[in-house]
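Structure first, commentary second.
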Amino acid sequence: MTQIANHLPTAELQALDAAHHMHPFTHGDALAEKGARIITRARGAVLTDSDGKEYLDGMAGLWCVNIGYGRDELAEAAARQMRELPYYNTFFQTSHVPAIALAARLAELAPEGMNHVFFAGSGSEANDTNIRMVRHYWAAMGKPGKTVIVARHNAYHGSTMGGASLGGMSAMHAQGGLPIPDVVHIGQPFWYGEGGDMDPQEFGIMRARELETKIDELGAGRVAAFIAEPIQGAGGVIIPPESYWPEIRRICDERGILLIADEVICGFGRTGDWFASTALGIRPDIITIAKGVTSGYQPLGGSIVRDSVARVVNAAGEFNHGYTYSAHPVAAAVALENLRIIDEEGVLAHVRDVAAPHLADRWAGLGAHPMVDDARSYGMLAGLQLTPDKAARAPFAAEAGAVGLICRERCFENGLVMRHVGDRMIVSPPLIMSPAEIDTLADRAWTAIEETCSIARERGLFSAA
Ligand SMILES: *Cc1c(COP(=O)(O)O)cnc(C)c1O
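Going by the working numbering, the first residue of the sequence shown is number 445, and it counts up by one from there.
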C-alpha cells in the first residue's frame, strides 16, 4: 500500500497503527489494546477525527500551532519554495535565500543585542547545539574547565541525549543512561507544589539562590551556563514568582556564567510578546526556539545568540557542529510566512488585549470548583491543580496522575483537548482563539472536571494523601 486514500475505516487505521507505528512517550501495548485516536483534519482551533468527531484544541497541537490550523498562505509558501529550491545545505560556505531572510528577521524580532541564529530541525536539536556552543565558547575564552550546565528538576528541554539530560524529568532519566556528564539540576520555582508556608516571592528568591549555591559548590570556573524555560511548559505550566528571574539574572552576571532561555513554548506570541524574556527581565545570552516559529507547519528549531557570544564563536575557528536540515529552506520559508501573519494580523495584540485577559478570567473561574486550586494563566498558557483538599494543598491518596488522566479522558469525551501532567491540567491554545471559543474551552473543562470529580468519588480516589 503506498497511500491511504480518503481514508480507511477507523478500526483498520488503528490496526495498522498498532502493527507498525511506535509512538513517542507511549506504552505501545496499552495503546494497541485501546486504539489510537486518529486526527484527520483541522481548521482554526478545531480538530476532526476519523469518525468525524470534533475537538476544540486546547493544546495547539503540542504547544505549537500558534496561528491555528488550515492557513493556505503557509501551504503556498511551502509549495513555492519546493518548486524554487526544495533543499540545499548551509555547510561548505554556501547559503540560500530563506536561511538569510529568516536569520535577519529573527534578529529584528529578538531582544536587543541578539543578532545571530544557528538553525536546527527541532527544539531538542537546538538545545544540543546550545550545550556544544557554550562549552566551545568558554574553551575559546581560555576557560576549557567551564563545562557544567545547570538546569532544573521538572524542566523539559527535549528528548535527544542532550535535551533530555538538560531536562529534569526523572522518568526520562530512568531510561537510556541519562543524564550525560556535567549536567546538574537545582529546584524549580513551583511555589504551589513546593513552597509550603513560605511567601511566594521569598520562595522565588530561595529557589533562584540554589543556583548561586550550586555554582559556589562547583566553583564558577567549572560552570558554563544555566538553562531554563521562562515559564515551565511540560512540567505543568509553572509560572515562577516575579522575584525569581531578576535574581537569576543577578547571579549569572556576578558569577560569570551564560544564561539560556528555552523559549520553545514561550516564544512567538504565546505570552503576548515575541519572546517572554523581555517582560520577565531575563536578558538571556542564548534563546532556544522551535514550535511556534513555524506554528508547527514545518519542523524547525534554532538558537538565537547574543552578539558577544557569537563574536567569540565565529572567531574561534571551525565550530564542528551542524545538521543536514539546519535552516531547511522549506521550513524557513514557512517560518517567514508564519512570522508575517503574526505581525500583520496583529496576533500579539489579540493575545494581549483580547484572548489572554479572557482566558485568565474564565480560567480563574474554574478555581471555584471544589476540586480545583492554583488556577492561573500567563498569556495563552494556563494550568490548574486538581486536589481533594484545597486548604491543605494536598495531593490525592491515589497514584499521582490517576485523577488527572481521568480528567483528560473526560475532556476528550466532551470535545476538548486538555493535557494532564500528574494531577495538573494544562492548556496552551492557538493564539487566534476567539472569546467565544475560550468560553467553550472553559465550559467543557468545567464539565469534564465535574465528571472527573464524580468518578473519583465513585472509585474512592477522592481523599487526601
Ligand atoms: C518541546 C520542547 C522542546 C523540544 O522541542 P522538540 O521540537 O520536541 O525537539 C524543548 N524545550 C521546550 C521548552 C519544549 O517545550
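For every residue, glycine included, the Cβ atom is placed at its ideal position computed from N, Cα and C.
P453 burial status per 10 Å Cβ neighbour count (16 or more: buried): Working through the sequence shown from its first residue, we reach residue 453 at position 9. Burial call: exposed.
Whole alpha helix (DSSP H) runs in the stretch 508-538 with 4 or more residues, listed along the chain? The stretch 508-538 contains these whole alpha helix (DSSP H) runs: 516-528.
How many Å lie between P873 and H451 at the Cα? Sequence index remark: in the sequence shown, residue 873 carries index 429 (1-based). Sequence index remark: in the sequence shown, residue 451 carries index 7 (1-based). Cα to Cα, P873 sits roughly 28 Å from H451.
What does a CB cutoff of less than 7 Å around G502 pick up in its chain, not counting 5 residues either side in sequence? For the purposes of this step, residue 502 is taken as residue 58 along the sequence shown, with counting starting at 1. Taken in chain order, the residues that qualify are L860, V861, M862, V871, P873, L885.
At the level of alpha carbons, what is the spacing between G631 and E654? For this step, residue 631 is matched to residue 187 along the sequence shown. For this step, residue 654 is matched to residue 210 along the sequence shown. Rounded to the nearest angstrom, the two C-alpha atoms are 7 Å apart.
Quick one: what's R863 bridged to in DSSP? Counting from 1 along the sequence shown, the entry for residue 863 is found at position 419. Answer is I870, bridged to R863.
Quick one: using the 10 Å Cβ neighbour count with 16 as the cut-off for buried, is N764 buried or exposed? Here residue 764 is taken as the residue at index 320 of the sequence shown, counted from 1. Counting the other Cβ atoms within 10 Å of the Cβ of N764 gives fewer than 16, which makes it exposed.
Give me the Cβ distance between E910 and L506, rounded to the nearest whole Å; I'm assuming they're in contact under 8 Å. Given a span of 445 to 909 for the chain in the structure shown, any question on residue 910 remains unanswerable.
Determine the closest residue to A975 out of A909, E853, E788, with distance taken between C-alpha atoms. Nothing in the structure corresponds to residue 975, since the chain is present only between 445 and 909.
Please determine, among L610, G677, M642, I593, the residue with the shortest C-alpha to C-alpha distance to G823. Taking the first residue of the sequence shown as position 1, residue 823 is located at position 379. It is G677.
Tell me the DSSP bridge mates of L491? As a working mapping, residue 491 is identified with position 47 in the sequence shown. L491 is bridged to A486, Y499.
Run the CB neighbour count on M445, radius 10 Å, all protein chains shown included, and call it buried at 16 or more, exposed below. Translated into the one-based positions of the sequence shown, residue 445 becomes position 1. Low local confidence applies: a pLDDT of 45 at M445 is under 50, so the model's placement there is unreliable, and no value is given.
How big is the Cα-Cα spacing for E895 and I882? Looking up residue 895 in the sequence shown gives position 451. Looking up residue 882 in the sequence shown gives position 438. Roughly 20 Å separates the two Cα atoms.
N- and C-terminal bounds of the beta strand (DSSP E) containing Q458: Along the sequence shown, read from residue 1 onward, the residue named residue 458 stands at position 14. Here Q458 belongs to no beta strand (DSSP E); instead the alpha helix (DSSP H) covers 454-464.
I'd like to confirm something about I709: is its beta-carbon nearer than 6 Å to some heavy atom of ligand 1, or not? What you label residue 709 is simply residue 265 of the sequence shown in a count that begins at 1. For ligand 1, at least one heavy atom lies less than 6 Å from the Cβ of I709.
Note down, in chain order, each residue of its chain lying with its Cβ closer than 8 Å to the Cβ of A838, except the 5 sequence neighbours on either side. Along the sequence shown, one-based indexing puts residue 838 at 394. Cβ neighbours of A838 beyond the five flanking positions: T831, P832, A908, A909.
Residues in its own chain within less than 6 Å of Y741 by CB, not counting five upstream and five downstream? On the sequence shown, position 297 is the one that residue 741 refers to. Contacts found: L518, V778.
Proximity winner among V592, A892, Q829, relative to F856 (alpha-carbon distances): One-based indexing of the sequence shown puts residue 856 at position 412. If we check each option's Cα against that of F856, A892 comes out closest.
Just checking Y513 against ligand 1 - is the residue's beta carbon closer than 6 Å to any of the ligand's heavy atoms? On the sequence shown, residue 513 is found 69 positions in, with the first residue counted as 1. The answer is no for Y513.
If you reduce the DSSP assignment to three classes, tell me which class V791 lands in. Here residue 791 is taken as the residue at index 347 of the sequence shown, counted from 1. V791: helix per DSSP, three-state reduction.
Determine contact between the stretch 564-575 and the stretch 744-757, defined as no fewer than three beta-carbon pairs at a distance below 8 Å. Between the stretch 564-575 and the stretch 744-757 there are three or more C-beta pairs closer than 8 Å, enough to call the two in contact.
Mind reading off the beta-carbon distance from N510 to L803? Whole number of angstroms is fine, and I expect it under 8 Å. Within the sequence shown, numbered from 1, the residue matching residue 510 stands at position 66. Within the sequence shown, numbered from 1, the residue matching residue 803 stands at position 359. Contact doesn't hold; Cβ gap of about 14 Å is too wide.
Looking at C-beta atoms only, is the number of pairs between the stretch 697-717 and the stretch 781-795 that lie closer than 8 Å three or more? yes
Quick one: measure Cβ to Cβ for I730 and V753, integer angstroms, because I've assumed they're closer than 8 Å. Residue mapping note: residue 730 aligns to position 286 of the sequence shown, counting from 1. Residue mapping note: residue 753 aligns to position 309 of the sequence shown, counting from 1. Going by Cβ atoms, the distance from I730 to V753 rounds to 7 Å, so yes, they are a contact pair.
Pull up the DSSP beta-bridge partners for I726, would you. Translated into positions along the sequence shown, residue 726 becomes position 282. Looking at the DSSP output, I726 shares a beta bridge with no other residue.
Using only the alpha-carbon positions, how far apart do R806 and G700 sit? Locating residue 806 in the sequence shown gives position 362, counting from the first residue. Locating residue 700 in the sequence shown gives position 256, counting from the first residue. Cα to Cα, the separation comes out at about 43 Å.
Cβ of G621 within 7 Å of Cβ of R596? By 1-based counting over the sequence shown, the position of residue 621 is 177. By 1-based counting over the sequence shown, the position of residue 596 is 152. No; because the gap between Cβ atoms is not below 7 Å, this pair is not in contact.
What residue ranges within the stretch 728-780 form continuous beta strand (DSSP E) runs of no fewer than 3 residues, ordered along the chain? 730-733, 745-749
Can you look up L830 in the DSSP assignment and give me helix, strand or coil? Counting from one through the sequence shown, the residue named residue 830 turns up at place 386. The answer is strand: DSSP assigns L830 an E or B state.
Using the beta-carbon count (16 or more within 10 Å), is A900 buried or exposed? Within the sequence shown, residue 900 is the residue found at index 456, counting from 1. Buried.
Contact set for Y769: own chain, Cβ-Cβ below 6 Å, skip 5 residues either direction: Translated into the one-based positions of the sequence shown, residue 769 becomes position 325. If we look at Y769 and ignore the five residues flanking it on each side, its Cβ neighbours are G565.
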